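Visitor: Numbering (our numbering), first residue to last: 650 to 971.
Let me begin by handing over the structure; questions about it come next.
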């Protein structure tokens, strides 16, 4: 296809957008939980669009995913919420456990239980396509996932949605503002705005066949990844020279210091113009703080782009040990 608009398929995968922010629970429990609640609450209000409208006016039974799939026609929607307090074995039938159709009471319970730091809190929205296809319509997922590893805990805040859901200028701006506001208040260890990976990994993690539970314990020393928007931890941005050095690098059109700590770095004016050349420029700046190893070419799914160079081969000798 010639352009990224509407319902696009690239390499057989439907295009989606992904914003992610990682914050430490141990460094500040109150700050992490405040950020998480704001992420879900404001995210659903500002990004939910027709899903949010349907949630407020519809009976819970009409918002159930099975009602949409089995009985819904073109444009039918489902809105499901989840608060999963602990990790449990999968159900024998393979069905997800704990999801409820949206109601004000169920949503308030999800937000209330954030104080108990669930392993997963989310609101998942989907619509049938205009031809009634239950897998082909717009969708949006807002989630807060707890990752426990190496004796610490982190919250991974994510917003994922179909291109037709998040591409409009107003929606894109709202998602950027949501990500920026959360980063400003949380002293994050990492964040990024990219095309969707579909796995919860950063683009770089997926290319390196690594996972958040492997990278988060070291996330203030080794960068988890980079993309159109990259949020650097305070310590990592400092190692790269701070605001002035990042601005002078020529790799970013916007570099700002975050109020609570960290750096907001946007590579190009839009996600669509973040191409291979732009990714190479960003890589040249952040190679000193990336884990060593060559990304797998076939693990970088278009339209995401990464440098395929091994950072260990380009960074100064003094930076090779993280």
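Where is the CB? At the ideal position from N, CA and C, for every residue including glycine.
Just so we're clear, the structure is a prediction, and the values are computed from it rather than from any experiment.
Hey, which unbroken runs of the beta strand (DSSP E) at 3 residues or more fall wholly within the region 795–866?
Guide: 801–811 and 839–844
Visitor: Give every residue of the same chain whose Cβ lies closer than 6 Å to the Cβ of residue 799, excluding the five residues on either side of it in the sequence, and list them in chain order.
Guide: Looking up residue 799 in the chain shown gives position 150. For residue 799, where only same-chain residues beyond five positions count, the Cβ hits under 6 Å are 866.
Visitor: Under 7 Å Cβ to Cβ from residue 691, same chain only, skipping five residues before and after it: list those, please.
Guide: Locating residue 691 in the chain shown gives position 42, where the first residue counts as 1. So the qualifying residues of the chain are 827.
Visitor: Which residues does DSSP list as the beta-bridge partners of residue 880?
Guide: One-based indexing of the chain shown puts residue 880 at position 231. Residue 880 is bridged to 840 and 913.
Visitor: Could you tell me if residue 918 is buried or exposed, where buried requires 16 or more neighbouring beta carbons within 10 angstroms of its beta carbon?
Guide: Looking up residue 918 in the chain shown gives position 269. Burial call: exposed.
Visitor: My assumption, with CB atoms under 8 Å, is that residue 668 sits in contact with residue 824. Please give the rounded CB distance.
Guide: In the chain shown, residue 668 corresponds to position 19, counting from 1. In the chain shown, residue 824 corresponds to position 175, counting from 1. Indeed, because the Cβ distance is near 6 Å, the residues count as touching under 8 Å.
Visitor: Taking 6 Å as the limit between beta carbons, can you name the residues of its chain near residue 771, skipping five residues before and five after?
Guide: If you number the chain shown from 1, residue 771 lands on position 122. Hits under 6 Å: 731 and 792.
Visitor: Looking only at DSSP bridge pairs, what is residue 784 linked to?
Guide: In the chain shown, residue 784 corresponds to position 135, counting from 1. DSSP lists no partner for residue 784.
Visitor: Do the region 776–791 and the region 759–768 meet, that is, are 3 or more Cβ pairs less than 8 Å apart?
Guide: no
Visitor: Can you check DSSP and say which residues form a bridge with residue 906?
Guide: In the chain shown, residue 906 corresponds to position 257, counting from 1. According to DSSP, residue 906 bridges with 912.
Visitor: From the DSSP output, in three-state form, read off residue 612 for me.
Guide: The structure shown has nothing for residue 612, since the chain only spans 650 to 971.
Visitor: Rounded to the nearest angstrom, what separates residue 956 and residue 908 at their Cα positions?
Guide: Mapped onto the chain shown, residue 956 falls at position 307. Mapped onto the chain shown, residue 908 falls at position 259. For residue 956 and residue 908, the distance between alpha carbons rounds to 30 Å.
Visitor: Please name the residue or residues paired with residue 726 in a DSSP beta bridge.
Guide: Numbered from its first residue, the chain shown carries residue 726 at position 77. DSSP, once it has assigned bridges, lists 776 as partnering residue 726.
Visitor: To which residues of the same chain is residue 886 closer than 6 Å at the C-beta, ignoring the five residues directly before and after it?
Guide: Taking the chain shown and counting its residues from 1, one reaches residue 886 at position 237. So the qualifying residues of the chain are 912.
Visitor: Give the range of the beta strand (DSSP E) segment to which residue 666 is assigned.
Guide: In the chain shown, residue 666 corresponds to position 17, counting from 1. Run containing residue 666: 665–673, per the beta strand (DSSP E) assignment.
Visitor: I think residue 696 touches residue 808, with their Cβ atoms under 8 Å apart; what is that distance to the nearest whole Å?
Guide: Here the question's residue 696 lines up with position 47 in the chain shown. Here the question's residue 808 lines up with position 159 in the chain shown. The pair is a contact, with the Cβ atoms about 7 Å apart (cut-off 8 Å).
Visitor: Who does residue 731 pair with in a DSSP beta bridge?
Guide: The residue you call residue 731 lines up with position 82 of the chain shown. Paired residues: 771.
Visitor: Between the region 835–843 and the region 853–871, can you find at least three pairs of beta-carbon atoms closer than 8 Å?
Guide: yes
Visitor: Assign residue 792 to one of three DSSP states: helix, strand, or coil.
Guide: For the purposes of this step, residue 792 is taken as the residue at position 143 of the chain shown. Here residue 792 sits in strand by DSSP.
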